[in-house]
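Count the sequence shown with my numbering and you get residues 1 to 113, in order. Notes for the one structure printed next.
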Amino acid sequence: MRSPFILTGLLMCLVGLSINISTAPNGAKYFGTFWIVIGSYAAFPGIVSWLGNNLAGQYKRGVGMALHIGLGNFGGAFATVIYRSQDSPRYILGRKFNFVNLMGWSLCLSGLD
1 MRSPFILTGL
11 LMCLVGLSIN
21 ISTAPNGAKY
31 FGTFWIVIGS
41 YAAFPGIVSW
51 LGNNLAGQYK
61 RGVGMALHIG
71 LGNFGGAFAT
81 VIYRSQDSPR
91 YILGRKFNFV
101 NLMGWSLCLS
111 GLD
């Protein structure tokens, strides 16, 4: 039963992104940033361990987890495309993209277990 814990972290990220997309004052957006960080750090270990437990064999597990973490780190390069300088200071495009992505993963997880 990992999905409820992962889903809780993703929902915390959604709350934080909702606050940051809104026209709330900067103090509230700072608070929303903390929600995003807390949710992402809460969800990531569950996702990695779920993948590791579902891949059989030592080599498959090693390659699968390396691909997962490597492609996840590629998100930094992808962020340069969706967080454009002309969208500053609110970065609506990047935040909406992340919001939709988190909603999709949350819906996928809600159907599991």
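C-beta: ideal position from N, C-alpha, C; glycine also.
Spatial neighbours of LEU109 in its chain, beta-carbon cut-off 8 Å, leaving aside the 5 residues before and after | SER3, ILE6, LEU7 and LEU10
GLN86 - containing alpha helix (DSSP H), residue span | First-last for GLN86: undefined, no H or E at that position.
Span of the alpha helix (DSSP H) holding PRO25?
-> Looking at the DSSP string, PRO25 is not in any alpha helix (DSSP H), and its letter there is neither H nor E.
Would the region 13-20 and the region 30-40 be scored as touching if the rule is three or more Cβ pairs under 8 Å?
-> Output reads yes: the region 30-40 touches the region 13-20.
Look at LEU102 and LEU14 and say whether their C-beta atoms are less than 8 Å apart.
-> yes
Alpha-carbon to alpha-carbon, ARG61 and ALA43 | 20 Å
Member of ALA24, SER106, GLY94 and PHE99 whose CA lies at the smallest distance from the CA of ALA77 = GLY94
Alpha-carbon spacing of ALA79 relative to LEU67, whole angstroms = 19 Å
Contact set for VAL48: own chain, Cβ-Cβ below 8 Å, skip 5 residues either direction = Setting aside the 5 residues that flank it on each side, VAL48 is surrounded in the same chain by MET65, HIS68 and ILE69, each with a C-beta closer than 8 Å to its C-beta; the list follows chain order.
Where the alpha helix (DSSP H) through MET65 begins and ends | 58-73
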